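**Student:** Under the numbering used here, the very last position in the sequence shown is 630; numbers go up by exactly one each time. Cβ coordinates follow ideal geometry from the N, Cα and C atoms, glycine included. Since the structure is predicted, the reported quantities are computational estimates derived from the model, not experimental observations. Sharing a structure below in structure tokens format, with a few things to ask.
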Amino acid sequence: MALLQIAEPGQSSAPHEHRIAIGIDLGTTHSLVATVLSGKAKVLNDQQGRVLLPSIVHYSQDQSQYGDAAKAFVTQDPKNTIVSVKRFMGRSKADIKFQHPYELMGEENQMPAFVTAQGPKTPVEISAEILTQLKLRAEASLQNPINGAVITVPAYFDEAQRQATRDAAELAGLKVLRLLNEPTAAAVAYGLDQDTNLATDRNYVIYDLGGGTFDVSVLRFSQGVFEVLATGGHTALGGDDLDRLIIKWAKKQLNIELLDDHQYAQVLVAAREAKEALSEQQSVDLLVLEHSLTLDRETFEAIIKVALDKTISVSKRVLRDAKLELTDIENVVLVGGSTRSYAVQKAVREVFNQEPLCTINPDEVVAIGASITANQLIGNSQDGSLLLDVTPLSLGLETMGGLVERLISRNTAIPVARRQEFTTYQDGQTAMLIHVVQGERDLVEHCRSLGRFVLRGIPPMTAGQARIEVTFQVDADGLLSVSAKETTSGVNAQIDIKPSYGLSDQDMERLLIDGFKFAEIDKQLRHLNETKVEAKRELEALAPALQADAHLLDATQLAALQAAQAHLDVTLAGDDLQAIEHAVAALKVYTDAFAALRMNQHIDAALKGTKLDDWSNSN
12 MALLQIAEPG QSSAPHEHRI AIGIDLGTTH SLVATVLSGK AKVLNDQQGR
62 VLLPSIVHYS QDQSQYGDAA KAFVTQDPKN TIVSVKRFMG RSKADIKFQH
112 PYELMGEENQ MPAFVTAQGP KTPVEISAEI LTQLKLRAEA SLQNPINGAV
162 ITVPAYFDEA QRQATRDAAE LAGLKVLRLL NEPTAAAVAY GLDQDTNLAT
212 DRNYVIYDLG GGTFDVSVLR FSQGVFEVLA TGGHTALGGD DLDRLIIKWA
262 KKQLNIELLD DHQYAQVLVA AREAKEALSE QQSVDLLVLE HSLTLDRETF
312 EAIIKVALDK TISVSKRVLR DAKLELTDIE NVVLVGGSTR SYAVQKAVRE
362 VFNQEPLCTI NPDEVVAIGA SITANQLIGN SQDGSLLLDV TPLSLGLETM
412 GGLVERLISR NTAIPVARRQ EFTTYQDGQT AMLIHVVQGE RDLVEHCRSL
462 GRFVLRGIPP MTAGQARIEV TFQVDADGLL SVSAKETTSG VNAQIDIKPS
512 YGLSDQDMER LLIDGFKFAE IDKQLRHLNE TKVEAKRELE ALAPALQADA
562 HLLDATQLAA LQAAQAHLDV TLAGDDLQAI EHAVAALKVY TDAFAALRMN
612 QHIDAALKGT KLDDWSNSN
């Protein structure tokens, strides 16, 4: 007897065919891949049974080595062995201020390329090679081609860094289903493992300290929906920095000024091993250039305190953004290999006054969450929670007077689209420059410029009559596109925001802190600039009116009006808000009287030759 496959409406005609989707955690120090098999998320290993692929690529003249095979070359051939490439993704050459052994080439304001034995290699190309290894691992393990992938990124990656990651995935031959924030991926993993929690509103902190990045997010689980209330972090703070702090301490102990690249690579390995050993032991011996130093837990905690304090201050700021107190947090979820350190766990425990949650392997939790999301997006599962990510910084455009009009505020759930109408400033204006900016300040000069484009072909109209509809759209990957359309003619223009490099961690933090610090000053500056724009508009409207109807005023009236006009013009050159407002008020006395005379003239002209009977019979 033949068996028939019966599908629900809208489903595949062959529901027995399982489409293969994978989740990839593209990490700074390690990367890994996972998938969902028989309804359960599983991390895939290589032929040697290893789950973690070190994010290392070594280039010799005739071949390339990856992962564990490339590890040995970190000390043997550091210039041709690329580690922590994620720290270089989407960043300009000028942004890269941390020590590294590589020779970089390219323009200062562009993403650089590494000089290797095989020629120049960009961070995108190197990341693509790591992703290719994970793809091959998945295909070998699953014995099937891969239909799609979810790639994770730090929540604080800006548009340029996200785009660089997407480019790397596509270069590796992967169909990108979504770029997913790493803390959000962790939330997916934990949320789906704890179904009982989904019926109740609960707040969670996802504390993610990886090899090179730090992210913290506050998430609310409410009626089966994950919502990211707020997010923050550093794109250049992680376990690598803890290692560097140990090296700095060791150099000070031994009065060593400089280490060459070969020595630095050797000491870095020793520092990393000592850090990991301290999670099990009270003290360890650290070998530095044939010298042995004893490093105990107390000293280690003092050494790394500056880095941990940064993570704690970011965590507190994100809590303030979410408008929550420490007592509102149900659990703190630890993610990232660096959270294995006893010192990190101790710091989190003391700040949040609770035992952090670490029931899923912190190295694997992000990849597991990504694989669950990938399985949903490919159409294999309808189960699971709805996911809402957020924008890390506000997005807007420049208006007259160098002011920022925000269309999408920071911490807005994505994907999101916002539409707002604008108009022309001058009579007969046929084009408009759309300048897109990112940041928390009210003036354009204090924000980061993301891109510009021009809307042309606007029908010539009186100032203020044209209706320009501007739309900001952020997709599920956090990538921004902006379009502008004139509603009467239908002319339109658009831009996909794709900067050539990303924000540095210092710039990102500066934009946020400045937004709070200068809030009151910005409010005053906005008021000043808006007043100036309105005053200039009055003066521009007055000039043609005087040219046409100055004869309606006697000599005294005309002189007084022109004097007030000249006074306002002079006052606008300065920044005294009160003086400008007084000058505007003084001019208004004369312009109102002039406007009344002009109105009477037009009424007289309209009624000339009309009899009273015409009005009485008009009804």
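Using the three-state DSSP reduction, which class does Ile31 fall into: helix, strand or coil?
**Tutor:** Counted from its first residue, the sequence shown places residue 31 at position 20. Ile31: coil per DSSP, three-state reduction.
**Student:** Within 10 angstroms of the Cβ of Glu170, are there 16 or more other Cβ atoms? Answer buried if so, exposed if not.
**Tutor:** Counted from its first residue, the sequence shown places residue 170 at position 159. Buried: at least 16 other Cβ atoms inside 10 Å.
**Student:** Can you check whether the CB of Leu220 is closer than 8 Å to the CB of Gly249?
**Tutor:** Numbered from its first residue, the sequence shown carries residue 249 at position 238. Numbered from its first residue, the sequence shown carries residue 220 at position 209. Their beta carbons are under 8 Å apart, which means Gly249 touches Leu220 by this criterion.
**Student:** Specify, as a first and last residue, the run of the alpha helix (DSSP H) that Lys259 falls within.
**Tutor:** Along the sequence shown, read from residue 1 onward, the residue named residue 259 stands at position 248. Where Lys259 is concerned, the enclosing alpha helix (DSSP H) starts and stops at 250 to 264.
**Student:** Give the secondary structure of Met610 by DSSP, where H, G and I count as helix, E and B as strand, and everything else as coil.
**Tutor:** Taking the sequence shown and counting its residues from 1, the one referred to as residue 610 is at position 599. Note: Met610 maps to helix in three-state DSSP.
**Student:** Let me know if Gly631 comes out buried or exposed under the rule of 16 or more other beta-carbons within 10 Å of its beta-carbon.
**Tutor:** Because the chain here runs from 12 to 630, residue 631 falls outside it and cannot be looked at.
**Student:** With distances taken between CB atoms, is the gap from Asp296 to Thr305 smaller than 8 Å?
**Tutor:** Working through the sequence shown from its first residue, we reach residue 296 at position 285. Working through the sequence shown from its first residue, we reach residue 305 at position 294. Against a cut-off of 8 Å, the Cβ pair of Thr305 and Asp296 comes out as a contact.
**Student:** May I have the straight-line CA-CA distance separating Val544 from Ala577, to the nearest angstrom?
**Tutor:** By one-based count along the sequence shown, residue 544 stands at place 533. By one-based count along the sequence shown, residue 577 stands at place 566. So the alpha carbons of these two residues sit roughly 16 Å apart.
**Student:** Tell me the rounded alpha-carbon separation between Leu539 and Asp453.
**Tutor:** Looking up residue 539 in the sequence shown gives position 528. Looking up residue 453 in the sequence shown gives position 442. Taking the straight line from one Cα to the other gives about 12 Å.
**Student:** What residue range does the beta strand (DSSP E) around Glu341 cover?
**Tutor:** Counting from 1 along the sequence shown, the entry for residue 341 is found at position 330. Taken as a continuous stretch (DSSP letters only), the beta strand (DSSP E) holding Glu341 covers 340 to 346.
**Student:** Looking at the structure shown, is Thr39 part of a helix, part of a strand, or coil, going by DSSP?
**Tutor:** Against the sequence shown, residue 39 aligns to sequence position 28. Thr39 sits in coil when the DSSP states are folded into three classes, being neither helix nor strand.
**Student:** What are the boundary residues of the beta strand (DSSP E) that Asn386 is part of?
**Tutor:** The sequence position of residue 386 within the sequence shown is 375, counting from 1. Boundaries for Asn386: no beta strand (DSSP E) harbours it, while the alpha helix (DSSP H) harbouring it runs 376 to 388, taken from the DSSP string.
**Student:** Taking the alpha-carbon positions, what's the Glu375 to Ala196 distance?
**Tutor:** Locating residue 375 in the sequence shown gives position 364, counting from the first residue. Locating residue 196 in the sequence shown gives position 185, counting from the first residue. So the alpha carbons of these two residues sit roughly 11 Å apart.
**Student:** Return the CA-CA distance between Ala247 and Phe225, expressed in angstroms with no decimal places.
**Tutor:** Residue mapping note: residue 247 aligns to position 236 of the sequence shown, counting from 1. Residue mapping note: residue 225 aligns to position 214 of the sequence shown, counting from 1. If I take the Cα positions, the gap works out to 7 Å.
**Student:** Taking the continuous beta strand (DSSP E) assigned at Gln102, which residues delimit it?
**Tutor:** Taking the first residue of the sequence shown as 1, we reach residue 102 at position 91. For clarity, residue 102 is Arg in the given sequence; the question names Gln instead. Unbroken run through Arg102: none, as it is neither H nor E.
**Student:** Assess contact between the region 57 to 67 and the region 173 to 190, defined as three or more Cβ pairs (one per stretch) separated by less than 8 Å. Is contact present?
**Tutor:** no
**Student:** Would you kindly work out how many angstroms separate the C-alpha atoms of His613 and Asp560, rounded to a whole number?
**Tutor:** In the sequence shown, counting from the first residue as 1, residue 613 sits at position 602. In the sequence shown, counting from the first residue as 1, residue 560 sits at position 549. The alpha-carbon atoms of His613 and Asp560 are separated by roughly 11 Å.
**Student:** Alpha helix (DSSP H) containing Tyr167: first to last residue?
**Tutor:** Within the sequence shown, the letter at position 156 stands for residue 167. Neither: Tyr167 is in no alpha helix (DSSP H) and is coded neither H nor E.
**Student:** So what does Ser303 bridge to, in DSSP terms?
**Tutor:** Position 292 of the sequence shown holds residue 303. Answer is Leu298.
**Student:** Following the continuous beta strand (DSSP E) through Ser492, name the residue where it begins and the one where it ends.
**Tutor:** What you label residue 492 is simply residue 481 of the sequence shown in a count that begins at 1. Element bounds for Ser492: 491 to 497.
**Student:** One question on the structure: do Ala45 and Ile33 come within less than 8 Å of each other, judged by their Cβ atoms?
**Tutor:** For this step, residue 45 is matched to residue 34 along the sequence shown. For this step, residue 33 is matched to residue 22 along the sequence shown. The answer is yes: Cβ separation under 8 Å.
**Student:** Our contact map puts Tyr77 next to Gln144 with C-beta atoms below 8 Å; I'd like the distance itself, whole angstroms only.
**Tutor:** For the purposes of this step, residue 77 is identified with residue 66 of the sequence shown, where counting begins at 1. For the purposes of this step, residue 144 is identified with residue 133 of the sequence shown, where counting begins at 1. So it is a contact: roughly 5 Å between Cβ atoms.
**Student:** Do three or more CB pairs link the region 413 to 433 to the region 384 to 393 at distances below 8 Å?
**Tutor:** Touching, no.
**Student:** Among the residues of its own chain, which have a CB less than 8 Å from the CB of Thr441, if the five just before and after it don't count?
**Tutor:** Counting from 1 along the sequence shown, the entry for residue 441 is found at position 430. Excluding positions up to five away in sequence, the list reads Arg467, Gly468, Ile469, Pro470, Pro471.
**Student:** Tell me whether the beta-carbon of Ala175 lies closer than 8 Å to the beta-carbon of Pro134.
**Tutor:** Working through the sequence shown from its first residue, we reach residue 175 at position 164. Working through the sequence shown from its first residue, we reach residue 134 at position 123. Yes, they are a contact pair.
**Student:** In terms of residue numbering, what span does the alpha helix (DSSP H) encompassing Thr410 cover?
**Tutor:** For this step, residue 410 is matched to residue 399 along the sequence shown. Looking at the DSSP string, Thr410 is not in any alpha helix (DSSP H); the run it does join, the beta strand (DSSP E), is 406 to 410.
**Student:** Closest by CA to Ala80, which one among Leu64, Lys90, Ser324, Leu408?
**Tutor:** Within the sequence shown, residue 80 is the residue found at index 69, counting from 1. Of Leu64, Lys90, Ser324, Leu408, the residue nearest in Cα terms is Leu64.
**Student:** Quick one: what does DSSP say Glu119 is sitting in, helix, strand or coil?
**Tutor:** Position 108 of the sequence shown, counted from the first residue, corresponds to residue 119. Taken through DSSP and simplified to helix, strand or coil, Glu119 comes out as coil.
**Student:** List the DSSP bridge partners of Thr93.
**Tutor:** Residue 93 sits at position 82 when you count from the first residue of the sequence shown. The question names Thr, but residue 93 in the sequence shown is Ile. Per DSSP, Val68.
**Student:** Give the DSSP-derived three-state secondary structure of Ala183 in the structure shown.
**Tutor:** As a working mapping, residue 183 is identified with position 172 in the sequence shown. Three-state result, Ala183: coil.
**Student:** Output needed for Leu265: all residues of its chain with C-beta closer than 7 Å, excluding positions within five of it in sequence on either side, in chain order.
**Tutor:** Translated into the one-based positions of the sequence shown, residue 265 becomes position 254. Counting only Cβ-Cβ distances below 7 Å, and skipping sequence neighbours, we find Val299, His302.
**Student:** When DSSP labels each residue in this structure, what does Arg417 get in the three-state scheme?
**Tutor:** As a first step, residue 417 is located in the sequence shown; it is residue number 406 there, counting from the start. In the structure shown, Arg417 sits in a strand (DSSP, three-state: E or B).
**Student:** Using CA atoms only, rank isn't needed, just tell me which of Val199, Asn155, Ile141 is closest to Val344.
**Tutor:** Indexing the sequence shown from 1 puts residue 344 at position 333. Looking at the Cα atoms, Val199 is the closest of the given residues.
**Student:** Count the other C-beta atoms from every protein chain shown that fall within 10 angstroms of the C-beta of Arg173, then say buried if there are 16 or more, exposed otherwise.
**Tutor:** Residue mapping note: residue 173 aligns to position 162 of the sequence shown, counting from 1. Answer is buried; the Cβ neighbour count reaches 16.
**Student:** Using the C-alpha atoms, what's the distance from Ile379 back to Val47?
**Tutor:** Taking the sequence shown and counting its residues from 1, one reaches residue 47 at position 36. Taking the sequence shown and counting its residues from 1, one reaches residue 379 at position 368. Distance between the alpha carbons of Val47 and Ile379 is about 8 Å.
**Student:** Glu480 bridges to which residues according to DSSP?
**Tutor:** Here residue 480 refers to the residue found at position 469 when the sequence shown is read from its first residue. DSSP, once it has assigned bridges, lists Glu432, Lys496 as partnering Glu480.
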